[in-house]
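Structure record follows, encoded as structure tokens.
There are 2 protein chains.
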Amino acid sequence: MSGEFGRIARYFAPLAGAAGLGLADDAAVLAPPPGRELVLTVDQMLEGVHFLSADDPALVARKLLRRNLSDLAAMGAAPLGYLLTTALPRTLPESWLARFVEGLAEDQALYGLALMGGDSSSSIGGIALSATLIGTVLPGQALRRNGARAGDEIWVTGTIGDAALGLQARLGQGEAAPALVARSLLPQPRVGLALAGIASAAIDVSDGLVQDVGHIARESGLLAVIEAAAVPGAEGDLETRLTGGDDYELALAVPPGRETALRAACGAVTVTRIGCLRQGEGVQVLSESGVPMRFTSLGWQHFS
Amino acid sequence: MSGEFGRIARYFAPLAGAAGLGLADDAAVLAPPPGRELVLTVDQMLEGVHFLSADDPALVARKLLRRNLSDLAAMGAAPLGYLLTTALPRTLPESWLARFVEGLAEDQALYGLALMGGDSSSSIGGIALSATLIGTVLPGQALRRNGARAGDEIWVTGTIGDAALGLQARLGQGEAAPALVARSLLPQPRVGLALAGIASAAIDVSDGLVQDVGHIARESGLLAVIEAAAVPGAEGDLETRLTGGDDYELALAVPPGRETALRAACGAVTVTRIGCLRQGEGVQVLSESGVPMRFTSLGWQHFS
Chain A
1 MSGEFGRIAR YFAPLAGAAG LGLADDAAVL APPPGRELVL TVDQMLEGVH
51 FLSADDPALV ARKLLRRNLS DLAAMGAAPL GYLLTTALPR TLPESWLARF
101 VEGLAEDQAL YGLALMGGDS SSSIGGIALS ATLIGTVLPG QALRRNGARA
151 GDEIWVTGTI GDAALGLQAR LGQGEAAPAL VARSLLPQPR VGLALAGIAS
201 AAIDVSDGLV QDVGHIARES GLLAVIEAAA VPGAEGDLET RLTGGDDYEL
251 ALAVPPGRET ALRAACGAVT VTRIGCLRQG EGVQVLSESG VPMRFTSLGW
301 QHFS
Chain B
1001 MSGEFGRIAR YFAPLAGAAG LGLADDAAVL APPPGRELVL TVDQMLEGVH
1051 FLSADDPALV ARKLLRRNLS DLAAMGAAPL GYLLTTALPR TLPESWLARF
1101 VEGLAEDQAL YGLALMGGDS SSSIGGIALS ATLIGTVLPG QALRRNGARA
1151 GDEIWVTGTI GDAALGLQAR LGQGEAAPAL VARSLLPQPR VGLALAGIAS
1201 AAIDVSDGLV QDVGHIARES GLLAVIEAAA VPGAEGDLET RLTGGDDYEL
1251 ALAVPPGRET ALRAACGAVT VTRIGCLRQG EGVQVLSESG VPMRFTSLGW
1301 QHFS
């Protein structure tokens, strides 16, 4: 075997789980876990748009999986497996692929994922990647964006804005601690938190806190009020932190009185109350003195 | 709403089925049909690799779905829904997207598909598309490539090589009837054939007949013998026809004595016996006088 099939056999077949049938067939066959619903999501990563050409291919692979894992986490789903597409320039050294596959293998082990299938192509542009993640959730327990009620509190996991500050430093715009740079290269998706029955709505913060909390507000028909000073994270420009994206934390709507249950569900993952949901519409960010702030951009939009 | 979210709401949300949750969430939620296994496949289409920039966007959309439907057909699976990724240059006119979505809608209706989710991005290269198709099959009834036995016959649906001859004409290399050109633009995936219990192995012919039958031979540990004169299709260069790709027909291994059942299962879709499987390995193509033929290329490989 040579060319495409040799590469699949050499690099990808060792990653395949039972559903992948050794990557020897036209499609994967998955016996759905009994008594579970399936949760499905797909994200792309494109060279020059979502990662830089010089980035470590292993980190690109892991970020590709983790961006999707973060979407599963936002739905309260446990990951099961994935399908992968790669479009690689013919001039790309094989070492890039070898290192990319190392990253996949590392995060497959870490998150209990198996490769189920995929598609390889040559590319006449840059590197283009996508992963379709499959997870499971108990019936009716998937977290949605539209479940918040007026009076619910807004909470976030971890810290917000670190990745955006890290990316600025990588692009030569200012300095940032190595931990922030690392954060922009390799997110920590919040899978495994038992939020069903605690959060009324959830989203993963991938396009900027203000915009993503705005999705909960819009889908729930409410106004979100964020207290800027309450948002946990590194020191840095507030607009960058609150609109910069790539956090891969969860923003949650939580009915009042559930703080203890929420903290217990999140275990070692810190959670911070940053605001509340009220009658109205949109997102308001309040300064420390309670004045609504204005930002020039709400967050990352791929088309704007 | 503007930009990315406006486009999703305007163009894609109307295509979404129940599992897609109005495309308002981080992921789709699918209650698997009881008593079925899921079949999952993904294929990409890249501008300049899999389609030409001038191609009708509606045909690009439909070919994207149909290439994946053909993979489901090869597994004997019934289609259910799909996830979509689009990476579009910022300079692409919105009319391209509008027409692309028309094509999706047309084939969704034709094949009973629903959009479940997706990801939109800008592209700094050409247009990049992928679709992840989800289908279902009765437990244990998925057709595989590795089930053939020595003595099985090789059958193909429809005609082989028409699309390759049509593509040559589109590229200005010779002439071809309009029907062949149309065939290269819009395949007819062979979904819905009740082949379980009849075919011992199956594959869809997407990369060229010789290469794809070779996959059945390799996975089943056998030699495939194809009689060139028996392969149905339009007049044209034999090597182009047998190695050219884009047929999206099915090649089947069928134990002897099942012709009547096979024809009944295929209904209006013609099937033709083109060879057999024997002890040995590889693929042999025999000329009309029974002499093994040699081709310079076995078929399409994206990496070679």
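Protein sequence lines, in the order shown, are assigned to chains A and B. The opening position of the first sequence corresponds to residue 1 in the numbering used here, with each subsequent residue numbered one higher. The opening position of the second sequence corresponds to residue 1001 in the numbering used here, with each subsequent residue numbered one higher. Glycine residues also receive a C-beta, built at the ideal position from the N, C-alpha and C atoms. A quick note: this is a predicted structure, and the numbers were derived from the prediction, not measured.
When DSSP labels each residue in this structure, what does PHE1303 (chain B) get in the three-state scheme?
Indexing the second sequence from 1 puts residue 1303 (chain B) at position 303. Because the pLDDT of PHE1303 (chain B) is 39, which lies under 50, any placement of that residue in the model is unreliable, and the number read from its coordinates should be weighed accordingly. Three-state result, PHE1303 (chain B): coil.
Any C-beta of chain B sitting closer than 7 Å to the C-beta of ILE154 (chain A)?
The sequence position of residue 154 (chain A) within the first sequence is 154, counting from 1. No, because no Cβ of chain B sits closer than 7 Å to the Cβ of ILE154 (chain A).
Sequence-distant residues of its chain with Cβ nearer than 6 Å to LEU360 (chain A) (five each side left out):
With chain A running from 1 to 304 in the structure shown, residue 360 (chain A) is simply not present.
Contact between the stretch 1264 to 1271 of chain B and the stretch 1153 to 1172 of chain B (3+ Cβ pairs under 8 Å)
yes
What do you reckon, is the C-beta of ARG1090 (chain B) under 6 Å from a heavy atom of the ligand COA?
This structure simply doesn't include the ligand COA, nor any ligand for that matter.
Suppose you measure from the CA of THR252 (chain A) to the CA of THR240 (chain A); what does that come to, to the nearest Å?
Counting from one through the first sequence, the residue named residue 252 (chain A) turns up at place 252. Counting from one through the first sequence, the residue named residue 240 (chain A) turns up at place 240. The sequence given here places Leu at residue 252 (chain A); Thr does not occur at that position. Each residue's Cα considered, the two are about 21 Å apart.
Against chain A, does PHE1012 (chain B) count as a neighbour if the rule is that its beta carbon must be under 7 Å from one of theirs?
Counting from one through the second sequence, the residue named residue 1012 (chain B) turns up at place 12. No - not a single Cβ of chain A is within 7 Å of the one on PHE1012 (chain B).
Would you decide whether GLN1211 (chain B) is buried or exposed? Buried here means 16 or more other CB atoms lie within 10 Å of its CB.
Numbered from its first residue, the second sequence carries residue 1211 (chain B) at position 211. Result: buried.
Using 8 Å as the cut-off, can you tell me whether the stretch 178 to 190 of chain A makes contact with the stretch 282 to 290 of chain A, which would need three or more C-beta pairs spanning the two stretches below that distance?
no
Neighbour list for ILE1203 (chain B) in chain A, Cβ cutoff strictly below 9 Å:
Taking the second sequence and counting its residues from 1, the one referred to as residue 1203 (chain B) is at position 203. Ordered by position in chain A, the residues that pass the 9 Å Cβ test against ILE1203 (chain B) are ASP25, ASP26.
Ignore the nearest five residues each way along the sequence and tell me which others in ALA1027 (chain B)'s own chain have a CB closer than 7 Å to its CB.
Here residue 1027 (chain B) corresponds to residue number 27 of the second sequence, with the count starting at 1. Excluding sequence neighbours, ALA1027 (chain B) sits near GLY1117.
Does DSSP put GLN1284 (chain B) in a helix, in a strand, or in coil?
By 1-based counting over the second sequence, the position of residue 1284 (chain B) is 284. Residue state, collapsed to three classes: strand.
Counting pairs of Cβ atoms below 8 Å between the stretch 1133 to 1141 of chain B and the stretch 1069 to 1079 of chain B, do you hit three or more?
yes
Report yes or no: is there a C-beta of chain B within less than 7 Å of the C-beta of ALA196 (chain A)?
Working through the first sequence from its first residue, we reach residue 196 (chain A) at position 196. So, not an interface residue.
Once the 5 residues before and after ALA228 (chain A) are set aside, which same chain residues still bring their CB inside 8 Å of it?
In the first sequence, residue 228 (chain A) corresponds to position 228, counting from 1. Correct list, in chain order: LEU238, LEU242, VAL285, LEU286, SER287, GLU288, MET293.
Take LEU1193 (chain B) and list the residues in its own chain whose beta-carbon comes closer than 6 Å to its own, dropping the five residues that flank it on each side.
As a first step, residue 1193 (chain B) is located in the second sequence; it is residue number 193 there, counting from the start. The residues are ALA1265, CYS1266.
What did DSSP end up calling MET1 (chain A) once you bin it into helix, strand or coil?
Here residue 1 (chain A) refers to the residue found at position 1 of the first sequence. Model confidence at MET1 (chain A) stands at a pLDDT of 49, short of 50, so the residue's coordinates are unreliable; what they give is reported in the following sentence. In this structure, MET1 (chain A) counts as coil in the three-state DSSP scheme.
To test your reading of the DSSP string, which unbroken alpha helix (DSSP H) runs of 4 or more residues are found completely within the stretch 1099 to 1184 of chain B?
1162 to 1170
Based on the DSSP secondary-structure assignment, which residues constitute the bridge partners of GLU1227 (chain B)?
Locating residue 1227 (chain B) in the second sequence gives position 227, where the first residue counts as 1. Paired residue(s): B:LEU1286.
In the DSSP assignment, what residue or residues form a beta bridge with LEU1088 (chain B)?
Reading the second sequence from its first residue, position 88 is the one you call residue 1088 (chain B). According to DSSP, which records beta bridges pairwise, LEU1088 (chain B) is partnered with B:SER1122.
Where the stretch 1140 to 1151 of chain B meets chain A: residues whose CB sits under 8 Å from a CB there:
ALA1142, ARG1144, ARG1145, ASN1146
Within this structure, are the beta carbons of ALA1061 (chain B) and PHE1005 (chain B) separated by less than 7 Å?
Taking the second sequence and counting its residues from 1, the one referred to as residue 1061 (chain B) is at position 61. Taking the second sequence and counting its residues from 1, the one referred to as residue 1005 (chain B) is at position 5. Cβ atoms of ALA1061 (chain B) and PHE1005 (chain B): not closer than 7 Å.
For LEU1277 (chain B), which beta-bridge partners are listed by DSSP?
Working through the second sequence from its first residue, we reach residue 1277 (chain B) at position 277. DSSP output for LEU1277 (chain B) lists B:ALA1224 as bridge partner(s).
Neighbourhood of LEU1223 (chain B) by C-beta distance below 8 Å, restricted to the same chain and skipping five residues each side:
Here the question's residue 1223 (chain B) lines up with position 223 in the second sequence. ALA1217, LEU1277, ARG1278, GLN1279, GLY1280, GLU1281, GLY1282, VAL1283, GLN1284, listed in sequence order.
Take GLU249 (chain A) and list the residues in its own chain whose beta-carbon comes closer than 8 Å to its own, dropping the five residues that flank it on each side.
Translated into positions along the first sequence, residue 249 (chain A) becomes position 249. If we look at GLU249 (chain A) and ignore the five residues flanking it on each side, its Cβ neighbours are VAL156, THR157, GLY158, THR159, ILE160, ARG190, ASP204, VAL205.
Given a cut-off of 7 Å, decide if PRO32 (chain A) and PRO1032 (chain B) are closer than it, judged by their beta-carbon atoms.
Translated into positions along the second sequence, residue 1032 (chain B) becomes position 32. Translated into positions along the first sequence, residue 32 (chain A) becomes position 32. Cβ atoms of PRO1032 (chain B) and PRO32 (chain A): closer than 7 Å.
Assuming SER120 (chain A) contacts THR91 (chain A) under a Cβ cut-off of 8 Å, what Cβ separation, rounded to an integer in Å, is found between them?
Locating residue 120 (chain A) in the first sequence gives position 120, where the first residue counts as 1. Locating residue 91 (chain A) in the first sequence gives position 91, where the first residue counts as 1. Wrong, their Cβ atoms sit about 16 Å apart, outside the cutoff.
Report yes if the C-beta distance between GLY151 (chain A) and LEU113 (chain A) is below 7 Å; otherwise report no.
For this step, residue 151 (chain A) is matched to residue 151 along the first sequence. For this step, residue 113 (chain A) is matched to residue 113 along the first sequence. No; because the gap between Cβ atoms is not below 7 Å, this pair is not in contact.
In three-state DSSP terms, what is ALA1052 (chain B)?
For this step, residue 1052 (chain B) is matched to residue 52 along the second sequence. According to the sequence shown, residue 1052 (chain B) is Leu rather than Ala. If DSSP states are grouped into helix, strand and coil, LEU1052 (chain B) belongs with coil.
Does the CB of ALA1074 (chain B) have a neighbour CB from chain A at under 7 Å?
Here residue 1074 (chain B) corresponds to residue number 74 of the second sequence, with the count starting at 1. Judged by the 7 Å Cβ criterion, ALA1074 (chain B) is in contact with chain A.
By the 7 Å beta-carbon criterion, what residues does the stretch 1039 to 1050 of chain B contribute toward chain A?
VAL1039, LEU1040, THR1041, VAL1042, ASP1043, GLN1044, LEU1046, GLY1048, VAL1049
Would you identify the three-state DSSP class for ASP1025 (chain B), choosing helix, strand or coil?
In the second sequence, counting from the first residue as 1, residue 1025 (chain B) sits at position 25. Of the three classes helix, strand and coil, the one that applies to ASP1025 (chain B) here is coil, per DSSP.
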